[in-house]
Amino acid sequence: MRSIKIAFWVIAGAPVLLFLLADPSILFPAGFLPFRTTMVQLTGILAIGFMSVAMLLALRPQFAENRLGGLDKMYRLHKWLGIAALVLSVLHWLWSRGPGWAVSLGWLQRGARPPRVPIADPVKAFLASQRGFAEGIGEWAFYASVALIVLALLRYFPYRWFYKTHRLIAIAYLVLVLHAAFLMTYEYWATPLGLMTALLMAGGAIAAVLALADRIGANRRVSGRIVGLHNFPGVRTLETQIQLDEGWPGHMAGQFAFATSDPAEGPHPYTIASAWNGTTRQITLITKELGDHTARLRYKLRIGQPVRLEGPYGRFTFEDGADRQIWIAGGIGITPFIARMEQLALAPAGTTRRAVQVDLFHSTADVDEEALDRLAASARAADIRLHLLIDARDGRLSGDRIRATVPDWARASIWFCGPAGFGDALRRDFASHGYPVEKRFHQELFSMR
534 MRSIKIAFWV
544 IAGAPVLLFL
554 LADPSILFPA
564 GFLPFRTTMV
574 QLTGILAIGF
584 MSVAMLLALR
594 PQFAENRLGG
604 LDKMYRLHKW
614 LGIAALVLSV
624 LHWLWSRGPG
634 WAVSLGWLQR
644 GARPPRVPIA
654 DPVKAFLASQ
664 RGFAEGIGEW
674 AFYASVALIV
684 LALLRYFPYR
694 WFYKTHRLIA
704 IAYLVLVLHA
714 AFLMTYEYWA
724 TPLGLMTALL
734 MAGGAIAAVL
744 ALADRIGANR
754 RVSGRIVGLH
764 NFPGVRTLET
774 QIQLDEGWPG
784 HMAGQFAFAT
794 SDPAEGPHPY
804 TIASAWNGTT
814 RQITLITKEL
824 GDHTARLRYK
834 LRIGQPVRLE
844 GPYGRFTFED
854 GADRQIWIAG
864 GIGITPFIAR
874 MEQLALAPAG
884 TTRRAVQVDL
894 FHSTADVDEE
904 ALDRLAASAR
914 AADIRLHLLI
924 DARDGRLSGD
934 RIRATVPDWA
944 RASIWFCGPA
954 GFGDALRRDF
964 ASHGYPVEKR
974 FHQELFSMR
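Going letter by letter, the sequence shown gives residues 534 to 982 in the working numbering.
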């Protein structure tokens with residue numbers, strides 16, 4: 534989390550600093566109206582900057598994933614930038630419209646309009662002539678983007694509709710780029726602020742076009758077909774085995790892929806629940822019935838059905854160099870650990886991976902004897918100490934129970950995958966006992982929205 538917090542404040546701070554260098558008058562305003570004009574510019578530049586970076590992150594660039602610690606972290610930053618852009622866009626709109634409302638209510642006195650001075654620069658004159666057009670399209674794009682961002686933030690908005698409506702933000706963004714290009718103060722373009730804004734908008738525009746053309750992640754897509762389906766009714770999960778065509782680069786345990794079984798539904802992210810074998814080229818996905826889409830999968834999927842995978846993504850890969858690890862899984866969060874146990878079981882004895890001592894804590898509210906038996910067998914094959922806790926029987930898993938079970942917990946790295954609230958509580962608990970959570974508590978951020 535620290536990396537994305539730093540990234541967010543750098544993305545926010547850099548344009549503010551460059552704006553102050555380009556126009557320090559904001560610190561010493563000559564009156565309300567000049568200050569209002571400057572604030573319209575600042576909020577607009579920040580809003581289009583945040584949206585531009587969010588659009589670039591939507592491309593799922595590998596270099597950013599490496600720097601931020603995984604696609605799940607990158608999407609969390611994408612979400613924060615979207616929220617920040619929403620807030621700044623509203624502030625930009627209020628600074629633009631508010632004074633007019635205040636005048637109509639008698640709260641402000643309308644000042645005399647300054648005399649018009651002929652503009653000698655032909656580029657500046659052209660931009661000025663398009664001001665009304667730019668303001669008009671920008672206002673409608675603002676309304677559309679606000680509605681679309683709010684829909685994206687509603688967790689109960691069906692994913693299939695989220696997938697379709699969220700792409701429309703790219704259209705609104707392209708209109709807002711045109712709005713910003715016409716209305717940003719002309720003199721700013723010759724400053725570092727103008728160069729940064731131009732580069733961000735150019736990159737964001739390219740990303741928007743790629744999104745509309747469905748080209749995001751196109752070079753990481755591989756076709757395949759379903760060769761196995763197994764339902765575990767006790768835990769409401771479906772295991773799907775997929776035979777992949779040539780082109781999959783392989784994956785590490787703990788990584789995930791975007792799977793598309795229905796083009797109308799769009800791609801969904803699933804953690805891969807198997808180690809990679811380049812000879813068989815099969816992978817396993819395990820999905821839990823958590824929403825309308827996943828609840829329908831066991832009725833919709835069939836043997837032989839074509840699917841498309843995109844990936845692999847993620848950095849929840851257990852490779853931190855520690856010889857002592859604690860794994861904590863909540864519910865369907867067991868999936869990356871299943872893949873890692875298979876990977877360890879296949880590793881030759883005496884290798885570095887097999888030398889790592891691991892305790893796996895799996896806390897679950899649902900029970901399926903077949904699934905639990907298979908989990909126990911996987912743990913034995915990988916020499917993993919499994920601690921199974923069923924909520925109704927054993928109560929909730931806590932930091933105290935983990936520390937009591939693993940006396941040398943202080944030297945171990947911790948890998949958590951499960952409900953965000955559960956993980957955050959454990960993170961705070963271990964931090965309160967002096968554990969360096971920023972360096973050694975690895976948490977998968979479940980939500981991609």
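From the three backbone atoms N, C-alpha and C, an ideal C-beta is built for every residue, glycine too.
Restricting attention to Val768, Tyr968 and Ala540, the CA atom closest to the CA of Met607 is found in Ala540. Under the DSSP definition of a beta bridge, Gly863 partners with Ser896. Taking the Cα of Ala591 as reference, the smallest distance to any Cα among Thr570, Ala580 and Asp605 is reached at Asp605.
CA-to-CA, the gap between Asp927 and Gln595 works out to about 42 Å.
A contact is defined here as three or more CB-CB pairs under 8 Å, and the region 901–914 meets this definition with respect to the region 750–768. Contact between Arg814 and Leu777 holds, since their C-beta atoms are separated by about 5 Å, short of 8 Å.
Counting only the Cα atoms, His625 lies some 23 Å from Ala723. The same chain holds no residue with a CB closer than 6 Å to that of Glu779 once the five nearest residues on each side in sequence are set aside. Scanning its chain for C-beta atoms nearer than 7 Å, with the 5 sequence neighbours on each side dropped, one finds no residue around Glu672. Fully enclosed alpha helix (DSSP H) runs of no fewer than 4 residues are not present anywhere in the region 726–766.
In the assembly as shown, Gly669 is an exposed residue. Its beta-carbon has fewer than 16 other beta-carbons within 10 Å. In the DSSP assignment, Tyr692 falls within the unbroken alpha helix (DSSP H) covering Tyr692 to His699. Bounds of the alpha helix (DSSP H) holding Leu550 are Arg535 to Ala555.
CA-CA distance, Thr570 to Ala740, rounds to 30 Å.
Contact annotation: the region 572–583 touches the region 699–716, with at least three C-beta pairs closer than 8 Å. Burial is judged here by how many other beta carbons sit within 10 angstroms of a residue's own beta carbon; Asp856 has fewer than 16 and is exposed. Closest by C-alpha distance to Gly737, out of Ile759, Tyr721, Ala705 and Arg753, is Ala705. No Cβ-Cβ contact shorter than 9 Å links Met729 with Gly577.
The region 648–675 is shown to contain whole alpha helix (DSSP H) runs of 4 or more residues at 655–662, in chain order.
In this structure, Leu660 and Ile759 do not form a Cβ contact; the two beta carbons are roughly 55 Å apart against a cut-off of 8 Å. Excluding residues up to 5 positions away in sequence, Gly750, Arg753, Arg754, Ala790, Phe791 and Pro800 lie with their Cβ nearer than 7 Å to the Cβ of Glu843 in the same chain.
Note on Val840: 16 or more other CB atoms within 10 angstroms of its CB, so buried under the neighbour-count rule. By the Cβ test, the region 947–958 is in contact with the region 852–872, since at least three Cβ pairs between them sit closer than 8 Å. Non-local beta-carbon contacts of Pro969 in its own chain, meaning distances under 6 Å to residues more than five positions away in sequence, are absent. In this chain, the beta strand (DSSP E) harbouring Trp948 covers Ser946 to Cys950. Pro845 is the residue among Pro802, Pro845 and Ala880 whose C-alpha sits nearest the C-alpha of Met785. The straight-line gap separating the alpha-carbon atoms of Phe690 and Asp747 is approximately 22 Å. Counting along the chain, Arg918 sits inside the beta strand (DSSP E) bounded by residues Arg918 to Ile923. Taking the Cα of Gly847 as reference, the smallest distance to any Cα among Asn599, Ile559 and Gln642 is reached at Asn599. About 5 Å separates the CB atoms of Leu919 and Leu893; that is less than 8 Å, so the two are in contact. Membership of Arg609 in the alpha helix (DSSP H) is indicated by the continuous run Leu604 to Ser637.
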